[in-house]
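Here the protein sequences line up with chains C and L, keeping their order. For the first sequence, position 161 matches number 164 in my numbering, and the numbering has no gaps at all. For the second sequence, position 574 matches number 605 in my numbering, and the numbering has no gaps at all. Glycine is no exception: its CB is placed at the ideal position from the N, C-alpha and C atoms. Just below is one structure, and these are the notes that go with it.
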Amino acid sequence: MDVIADIAVQGVQMLLVFLLAPLLTGFIRKVKARLQRRRGPSLLQPYRDLIRLLRKEVVLADNASWLFRAVPYVTFAAIWVAAALVPTFATGLLFNWTADLIVIVALLGTARFFLALAGMDIGTSFGGIGSSREVMIAALAEPAMLMIVFCVALVAGSTHLSTVANYIASTAVGLRVSLGLAMIALVIVALAENARIPVDNPSTHLELTMVHEAMILEYSGRHLALIEYGAQLKLLLYVSLIVCLFYPWGIGVFGAGPVAYLAGAALYLFKITIAGFLLAMFETATAKMRVFRVPQFLGAALMLGLLGTLLLFVSKGL
Amino acid sequence: MTELAVQLGCVAALLAVAVVAAPLSRTPRLATAIIYGATLIVCAVATASALTWLLLHADAAAERVLPIGLPWLGAHLRLDALAAFFLVVINLGGTLASLYALGYGRHEHAPHRVLPFYPAFLAGMNLVVLAADAFSYLLSWEFMSLASWALVMAHHRDASNRRAGYVYLVMASFGTLMLLLAFGLLAGSAGNYDFAAIRAAQHTPYVATLVLILLLLGAGSKAGLVPLHVWLPLAHPAAPSHVSALMSGVMTKVAIYGFIRVVFDLLGTPDWSTSGIVLALGGVTAALGILYALMEKDLKRLLAYSTIENVGIIFVSLGLALAFQTNHQPIPAALAFTAALFHVLNHSLFKSLLFFGAGAVLSVTGERDMDRLGGLIHRMPFTSVVFLIGSVAISALPPFNGFVSEWLIFQAVLQSPQLPQWGLKILVPAVGGLMALAAALAAACFVKAYGVTFLGRPRGAATLAAKEVDRFSLAAMAILAALCLLAGVLPGLVMDALAPIATEILGSRLAPQSGMAWLSIVPIAQSHSSYNGLLVAVFIAVSASLSFGAIRLVSSGAVRRGPAWGCGFTDPVPLAQYSAAGFAQPIRRVFGTLMFRARDHVTMPPPGDIAPARLRIELHDQIWERIYAPLAGGIMAASVRLNRMQLLTIRGYLSLVFVTLVTLLLVLAIWT
């Protein structure tokens, strides 16, 4: 009986991220629109877009291979699994030990690998430009991400997310300079990984400025819906990750019962609302940078992560 | 004891096959089938027997002295857990390469240059691992080098292959010289060439450090450590593809075996600072190797450069093991050591797979240049699937095997705060960053390799006529792909099989993994860091099927084929697609300007002229230009000067001998 309950709680988590992801994107779009003094689309617009895309027929290029048709499912599945394994409302769920932070980053890497391949499949210049830039950004973001993992693991003594969240949520940690640096670095990496301004523009279709959008240019219909959904899930994943690593207060502990879960869920919703608001603010206030400025931007993240790590070597208390 | 006898029997059988091969080669088709069939059976037997030893008697060691070699020494041969593991790697590679060659070998136009040396090469590698005294070790090492050199020179009419063979010969001789010096130091004045005696002797820290550096030069040059790697990307692709697979996937591992055997087993405990050298070299090798690979457009050379990267990763892991071991931290040392061995196995699996795939492409299209390939996914459906699996595995992506070993190495990196020395504390995270960079660049590199070769539109006529390869090649690749997945989803079993080696060499081991819940792995219990490849694979499969099923319910399911959209900009010429060089351009610009002084030159025709614009990419191999070219120039200049010595009178020669003798005696008098 317990096992069924445990599986149910894990299932709720999986369903929660699944349902919440388009809402977060809708919320960010709404806030951005309001900041630009537009009314903006409804919060539910991303859901409608997805359903509309699902119903449409797929237009495939003549020489699209089976890989092109399989990639949307693979990337979506990989991102969904990764997103469902990041603690949201409670730590220590049934399958929490399946993947630690490194595995979650690597799962996103799997998704990106296949998406970049799909960009190469049709053999148009846009697909190639998108794929080649995407892998360059990934090559810059990954070392920075590892430094962040290192910094967090040094504080908590583990890369296991539930353990880290529980440790940081305990009052013993307090404010740490190193964690602050790691958080800024993670925000930078998250912006780059999610193709947000200033690295990429999620709403552009101006050919030469786009990275992620160029890569998926040939997709349509249900395939495009899956890829868009994957991107939304990935955004939610990174927001959840930042919340779980640096602001885990109030997160439920496994087995604490439905009330604690509900409280954790409410707090989680509150936290991601704030995060979404901040992201919208930031995106409105900055401009997109040139592609070859991105190395400096991500290099800053790497340096911050390294600095945080070195600070921890100097003193465990920093 | 029987396993050692079986191993020796297999080596003898391989040598016999090599001898038989020479006369048989007159009837190429028959010889190809007989020779590769025979090596297939012998290697399969050897694999089975080595695996039995590793799983059943790993805590024992069998030794035997044969009355050959030096009369007062004999040939010492020994089978222990470490040797058994490397025998598994060698013979598994040999079995599958032979299976592959049953089909691939038929395309060989000079079989008499390949068939006799192939079994000899396998026998040489087996002997290196079995040897337990310095003399037979070096003899087998040279035998292995020469046999592989002969295979590199199989297509010697190609000038680039001759150059590759020459560079390989020079570097291999240099490596052997370094090993000779290392064993000379280890043997000491007493002349103990037997490994057991070397192990028992006490080595001063000075000697230990020197031996380690000599090993890095000797074994490192064979394994492909930067800056000694220059021969590797020339020689590995020059050989026939199944031999390339063996050289890259297996022979580099024999070099790593040599390093482990001497440094971890024979040397005792060297100073901690030596681990810093290994770590730094490994990190630089990993990052530089994959950067070189990204600049490459020749598929087989790209794979050879990626071997350098993986060797770097293994050395990082060995450096970590050394750092923990010298600081008496047994569990992290066992973790890093197990990770290194796991990566040895993994790399031998996926690199063989990828070289087989490249060989399949080469045999049906006649092309290694990726810029003339493309669209092969439509023409070689099966090869493209297994090559994709190999690419995902080598890019260290879950749920395949490459990820598990890199994950274990990262876990070992995360244990570095326990190290007492400041130098290591700062070096290890930096090397971890380099590893992460190498992993991300590897993914980029294999997106490029796969994307340009198999995806897109065909770029040349050769590609249009391509068909799927023969069944033997496909079977070999399918087995390797299955093993990649198996080792990725059941890593606990592999780690448990590797545990006796860590016990034997380091005296410590990781906790048994196969007893963990749901078959997940938890290398260090206190840190709670865990990974479950099986569940990750199952979850991905389940959620992909769920989304597939759900979409079937909701969507129309309609598919319409049409021309590519491309923002309305259609380019009818397939050559206008992204090329290998084009794909690497962003990375070349970010990393290459510093490492390769890369520069793109665009020549535009003057207005009115209809000549095409030209793009020329300028790349400088700094290591070759800064180290090897001056060295070669220096040797050349010196030999021109010394040439005068050949034309002396008899008095001149006599006085030269006299002066030399007096100088040497003086040196000896001052020394003692």
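Boundaries of the beta strand (DSSP E) around L:Asp631: Arg630 to Thr634.
Nearest C-alpha to C:Leu189 among C:Ser165, C:Ser243 and C:Leu229: C:Ser243. For C:Ile140, the uninterrupted alpha helix (DSSP H) run begins and ends at Ser128 to Ala159, by DSSP.
Apart from the 5 residues on each side of it in sequence, L:Ser415 sits with its Cβ closer than 7 Å to the Cβ of Leu407, Ile408 and Phe485 in its chain, given in chain order. Per DSSP, L:Ile66 is one residue of the alpha helix (DSSP H) stretching across Pro59 to Leu87. When the alpha-carbon of L:Phe373 is set against those of L:Pro236, L:Gln452, L:Cys598 and L:Ile532, the nearest one is in L:Ile532. Of the candidates C:Leu282, C:Thr28 and C:Lys319, C:Leu282 places its Cα closest to the Cα of C:Ile187. Fewer than three Cβ pairs drawn from the region 144–160 of chain C and the region 600–619 of chain L lie within less than 8 Å of each other, which leaves the two stretches out of contact. Here C:Tyr222 carries a coil assignment [DSSP, helix/strand/coil]. Burial state of L:Lys331 is buried, judged by a 10 Å Cβ sphere holding 16 or more other Cβ atoms. Straight-line measurement puts the Cα of C:Ser181 at about 22 Å from the Cα of L:His559. Taking the C-beta atoms as reference points, L:Gly597 is found nearer than 7 Å to C:Phe129.
Secondary structure within the region 237–303 of chain C: the alpha helix (DSSP H) runs of 4 or more consecutive residues, fully enclosed, are 261–288 (chain order). Between C:Pro49 and C:Thr28, the gap from beta carbon to beta carbon is short of 7 Å.
DSSP places L:Arg188 in the coil class of the three-state scheme, outside both helix and strand. Remark: C-beta atoms of L:Pro271 and L:Ala335 do not approach each other more closely than 7 Å. Along the region 546–567 of chain L, the positions whose C-beta sits under 7 Å from a C-beta of chain C are Ser551, Ser558, His559, Ser560, Ser561, Tyr562, Asn563, Leu566 and Val567, read in chain order. Residue burial annotation: L:Pro603 is exposed, with fewer than 16 other C-beta atoms found within 10 angstroms of its C-beta. Per DSSP, L:Ala595 lies in no beta strand (DSSP E) and is assigned neither H nor E. It is roughly 12 Å from the alpha-carbon of L:Phe386 to the alpha-carbon of L:Tyr135. Contacts between L:Val621 and chain C, judged by CB atoms closer than 9 Å, involve Met139, Ala142, Leu143, Phe295, Val297 and Pro298 in chain order. Closer than 8 Å at the C-beta level to chain C, one finds these residues of the region 384–409 of chain L: Gly405, Gly406, Ile408 and His409. Beta-bridge pairing by DSSP links L:Glu94 to L:Arg109.
Excluding five sequence positions before and after L:Arg193, the CB atoms of its chain that fall closer than 8 Å to its own CB belong to Met184 and His187, given in chain order. Relative to the Cα of L:Leu210, the nearest Cα in the group L:Ser610, L:Leu673, L:Val294 and L:Pro448 belongs to L:Val294. Under a 10 Å Cβ-count criterion, L:Glu649 is classified as exposed, with fewer than 16 other Cβ atoms of the shown protein chains found around its own Cβ.
Distance from L:Ala254 to L:Ala286 at the Cβ level is roughly 4 Å; contact confirmed, criterion being Cβ atoms closer than 8 Å. Proximity of chain L to C:Glu221 at the Cβ level (cut-off 9 Å) is accounted for by Ala595, Trp596 and Gly597, in chain order.
Your pair L:Leu472 and C:Ala142 checks out as a contact, with CB atoms roughly 5 Å apart and the cut at 8 Å. Collapsing the DSSP output to three states places C:Leu315 in a helix. Its chain contains Tyr168, Ser171, Trp172, Met175, Val285, Tyr288 and Gly289 as the residues whose beta carbon lies nearer than 8 Å to that of L:Val159, once the 5 sequence neighbours on both sides are disregarded; these appear in chain order. Residues of chain C whose Cβ lies closer than 9 Å to the Cβ of L:Gly487 are, in chain order, Asn66, Met123, Asp124, Ile125, Gly126, Thr127, Gly130 and Gly131. Flagged as an interface residue toward chain C: L:Phe614, by a C-beta distance shorter than 7 Å.
Interface residue (Cβ-Cβ distance to chain C less than 7 Å): L:Trp303 is not classified as such.
For C:Met150, the neighbours in chain L by C-beta distance under 9 Å run, in chain order, Pro460, Gly463, Gly464 and Ala467. Spanning the alpha carbons of C:Met213 and L:Gly482 requires a straight line of approximately 20 Å.
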